[in-house]
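Participant: There's a structure below that I have some questions on.
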Amino acid sequence: MAKKKSKEDYYLASQWTLMARKLKKHKLARVSFLILAILYIAALFADFLAPYGLEEFDGLYKNTAPTNIYSVYEGENIGPYVLKITKSINKTDFTVTIGEDLSEYYKIKFFVHGTPYKILGFIPCDLHLFGVGEGSKGGTGAKIFLFGADSLGRDIFSRVLLGARISLTIPFASAIISFFLGILIGSISGYFGGVTDIIIQRIIEVIGAVPQIPLWMALSAAIPPGISTIKMYFYMTLILSFINWTGMARVVRGKFLSLKNEDYVMAARISGVSTWKIIWKHLVPGFMSYLIVSMTLGIPGSIVGETSMSYLGLGIKSPATSWGVLLQEASSVTDIASHPHKLIPIIFVTITVLAYNFLGDGLRDAADPYK
Amino acid sequence: MEALKNFFRKDLVQYIIKRILMFIPTLLLISILVFFVIQLPPGDYVSAHISALASEGELVDADYAASMRADYGLDLPVWQQYIKWVKDIIWTPTDTPYYRLYHSHHNWKFSFAYGRDVWSVINDRLGITIGVTAIIMLFQYLVSLPIAVYASTHQYSVGDYISSIIGFIGTAIPNFILAIVLMYLSYKWTGSANVGLFSQEMLLNGVHLYNFGEFLKRMIIPIIVIGTSGTCGIIRSVRAQMLDEVARQYVLTARAKGVSEGKIVMKYCFRAAMNPTVSGLGGVLSSLFSGSTVTAMVLNMQIQGPVLYKALQSQDMYLAGGIVMVQAILVVVGILLSDIALAFLDPRIRYSGGGR
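If you read the protein sequences in the order shown, they are chains F and L. If you count the first sequence from 1, position 253 lands on 252 in numbering that gives the first Met the number 0, and the numbers rise without skipping. If you count the second sequence from 1, position 139 lands on 138 in numbering that gives the first Met the number 0, and the numbers rise without skipping.
Structural data, given as structure tokens:
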């Protein structure tokens, strides 16, 4: 009886329910989705989660490795605390030795007041998830740098979180733009055929033939210097969409060619349904799942691309910060030999790219739920 | 002999001619796109040059700037600049005394920063760029095809997972970081970071048989960095194709007839799965040019990527345009060759007309 019920359930369920069900079975895709969700939420509330602001710096902490967190002070467990660092310069060979000032401890506190910011861009607030308070003897100046500090003494952890806003959303926003561009142009090409199709196909072929990074570099060089962060963001998104829409258009066109001679399309046309309505109501939903798959699989390439461009100074430029900008600090062998902690942002790039890839694979398996 | 005769059959020749004719409008469109892109940056080489002079304390009056613009033809309407550009790309009599006298600075394919012909700047590194790309491409296929065949015949085995993880990591870590980390490891283990394709000695004496080993050693990091970024894509698509083929009816038939498993996989499935791989060759070439551009800058390789980067920074637009154009042409030629190879492999394509 129960078996029959589930079978009935299966036949009655919509395509999307079946896809969701199949996706849930794909373990790697589920984990990836969770990781991506955490990353995006962290980026949304980056101001709150990051102990310091984007440009907040402390000259004392230049290039320091991640701060050590202790819990036992003079034989007593007092909960997590950090120590202030000391710097001493050897007067003969000018090497800098970094030590810790053991005389007082600084407890790690939660919900501390710090740099003011605006929640979601409009609610003013200065609360941060964690931070370092006053020292046990009233001293100040200790900092907590979970991922260490960069060459100006800025907190890499805070900058990774705040940079995620740009690094995670530019590829996503451009994927959505190229998604609509691709559907629009691909459907025109596939549905009308003839000369329109030939012209659009040539254009797609041409954009596809020019190697991506050189094209990207040439386009990024066109971004005027000294513009606001928002404009820079807008330009980068446009460049990415311009490069990416062709792949989507090709998929859409292929699907159109195979679907437009189906009986149901003919029936709709005979009943007098308008061309646009046929495209949007009857054809596009038929292969929406495939489009979402190719959109998801296109995002990782954009993330790596944006990172590379920003790293070369051709994409997002300081003071705006993305993961690529953070990695500029790790641009030579000496950098990573003496300050390996500057490679930490790469972990985030890699995790995001892998998660999108696995999620895309899971979606692809789920895209055809009747298989 | 039979194969050769087959190759020159009328329908195939017609197909090739048709494809080559389609090549011409594609190139024209590419040139328009490239010209449009190099026109986008605000200002031009003259304004960049003047601001560089101004920063050194030299004052430049407006007349001088205007005459410089007129010299370079930068004062013409955009469409006229484009036509001149294309004309000069196709044909400029560079070796006549007349040209040397009057045209050295009036040429639309003139590199401002290098002070000489764009083609000669590109030519300096064209051979080595193609050579390096070819070596890396060979490496990609030699590594990814066996892995893909193994992964598809042993689906969900340990080897399948390991190969896909390696492939994924190759794509997930941006090239430039992988290059730096490998340089660091190489420095730590061998005492030399192996930067650049040629040693000092090779630059003086050229690459010969006796120092070819050193050259190969210097190719290891570029091969790993650029190669692994593409192997994943190839493994993924070939594996999926193979899985499709292995499930076909004819495999069952062959197996029932007692054909050996190795023969089924290699002679039938693999051959069928190769078709989409061959047609993807152009795309692989394009992604290799992309990948090598950034890596070359980090590794200081003597190929075209770094030249392009510098040209873009100094707004040396004809050089930048020339390099992007050459790479695009190489990719289109790659697509053309792969289409012809595909038509040879799969007769159905010749009749349906479309390549991909």
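Just so it is clear, CB atoms sit at the ideal spot from N, CA and C, and this is done for glycine as well. Everything numeric in this text was worked out from a predicted model, so none of it was measured.
1. Report the CB separation of residue 242(L) from residue 151(L) in whole angstroms; it is logged as a contact under 8 angstroms.
2. Is the beta carbon of residue 361(F) closer than 9 angstroms to that of residue 28(F)?
3. By a C-beta neighbour count over all protein chains shown, 10 Å radius and 16 as the cutoff for buried, is residue 69(L) buried or exposed?
4. Three-state secondary structure (DSSP) at residue 155(L)?
5. Spatial neighbours of residue 174(L) within its chain, please: CB distance less than 6 angstroms, with the 5 preceding and 5 following residues excluded, ordered by chain position.
6. Per the DSSP calculation, residue 214(L) is bridged to which residue(s)?
7. As a quick exercise: from 267(L), 235(L) and 134(L), pick the residue whose alpha carbon is nearest that of residue 279(L).
8. For the segment 153 to 171 of chain F against the segment 295 to 311 of chain F, do three or more pairs of beta-carbon atoms, one drawn from each stretch, fall closer than 8 angstroms, so that the two count as touching?
9. Identify every run of the alpha helix (DSSP H) within the segment 21 to 108 of chain F, keeping only runs that are complete inside it and at least 4 residues long; order them along the chain.
10. Against chain L, does residue 211(F) count as a neighbour if the rule is that its beta carbon must be under 9 angstroms from one of theirs?
11. Of the residues 298(F), 121(F), 252(F) and 45(F), which one's Cα is nearest the Cα of residue 171(F)?
12. Which term fits residue 65(L), buried or exposed, when burial requires 16 or more other beta carbons within 10 angstroms of its beta carbon?
13. Between the segment 266 to 277 of chain F and the segment 247 to 258 of chain F, do at least 3 Cβ pairs fall closer than 8 angstroms?
14. Under the three-state reduction of DSSP, which class applies to residue 316(F): helix, strand or coil?
15. Which of helix, strand or coil does DSSP assign to residue 248(F)?
16. Using a Cβ-Cβ cut-off of less than 8 angstroms, list which residues of the segment 323 to 341 of chain L approach chain F; keep chain order.
17. Could you give the residue range of the alpha helix (DSSP H) that holds residue 281(F)?
18. So the candidates are 75(F), 42(F) and 218(F); which of them puts its Cα closest to the Cα of residue 347(F)?
19. Confirm, please, whether the CB-CB distance from residue 231(F) to residue 315(F) is below 9 angstroms.
20. What are the residues that DSSP puts in a beta bridge with residue 129(F)?
21. State the beta-bridge partners of residue 122(F) as determined by DSSP.
22. Short of 8 angstroms in beta carbon distance, which residues of its chain neighbour residue 19(L), apart from the five on each side in sequence? Order them along the chain.
23. Any Cβ of chain F within less than 9 angstroms of the Cβ of residue 278(L)?
24. Say yes only if the C-beta of residue 302(F) is nearer than 8 angstroms to one or more non-hydrogen atoms of the ligand SAM, and no if none qualify.
25. Given residue 68(F), which residues of its chain have a CB within under 8 angstroms of its CB, disregarding the five upstream and five downstream residues?
26. Taking the alpha-carbon positions, what's the residue 109(F) to residue 70(F) distance?
27. How would you call residue 366(F), buried or exposed, if buried means at least 16 neighbouring beta carbons within 10 angstroms?
28. What residues in the segment 210 to 239 of chain F bring their beta carbon closer than 7 angstroms to a beta carbon of chain L?
29. Are the CB atoms of residue 147(L) and residue 263(L) within a distance shorter than 9 angstroms?
30. Confirm, please, whether the CB-CB distance from residue 320(L) to residue 33(L) is below 9 angstroms.
31. Compare the C-beta of residue 204(F) with all C-beta atoms of chain L and state if any pair is closer than 9 angstroms.
32. What does the alpha-carbon distance come out to for the pair residue 254(F) and residue 8(F)?
33. Leaving out five residues on either side along the sequence, give the residues of the same chain with a beta carbon under 8 angstroms from the beta carbon of residue 134(L).
34. Grab the span of the alpha helix (DSSP H) containing residue 364(F) for me, first residue to last.
35. Flag this pair as yes or no: are the beta carbons of residue 141(F) and residue 83(F) separated by less than 9 angstroms?
36. I'd like to check one pair, residue 329(F) with residue 34(F): are the Cβ atoms closer than 9 angstroms?
Facilitator: In brief:
1. 5 angstroms
2. yes
3. exposed
4. coil
5. 224, 228, 290, 293 and 294
6. Bridge partners of residue 214(L): none, in fact.
7. 235(L)
8. yes
9. 26 to 43 and 45 to 48
10. yes
11. 298(F)
12. So residue 65(L) counts as exposed.
13. no
14. DSSP places residue 316(F) in the coil class of the three-state scheme, outside both helix and strand.
15. helix
16. 323, 326, 327, 330, 331 and 334
17. Looking at the DSSP string, residue 281(F) is not in any alpha helix (DSSP H), and its letter there is neither H nor E.
18. 42(F)
19. The answer is yes: Cβ separation under 9 angstroms.
20. 109(F)
21. 118(F)
22. 335
23. no
24. Annotation note on the ligand SAM: not contained in the displayed structure, which lists no ligands.
25. 79, 80, 81, 107 and 143
26. 15 angstroms
27. By the neighbour-count rule (16 or more Cβ atoms within 10 Å), residue 366(F) is buried.
28. 210, 211, 212, 213, 214, 216, 217, 218, 220, 221 and 223
29. no
30. yes
31. yes
32. Per the coordinates, the alpha-carbon of residue 254(F) lies some 29 angstroms from the alpha-carbon of residue 8(F).
33. 218 and 222
34. 343 to 366
35. yes
36. No, the pair does not count as a contact, with Cβ atoms beyond the cut-off.
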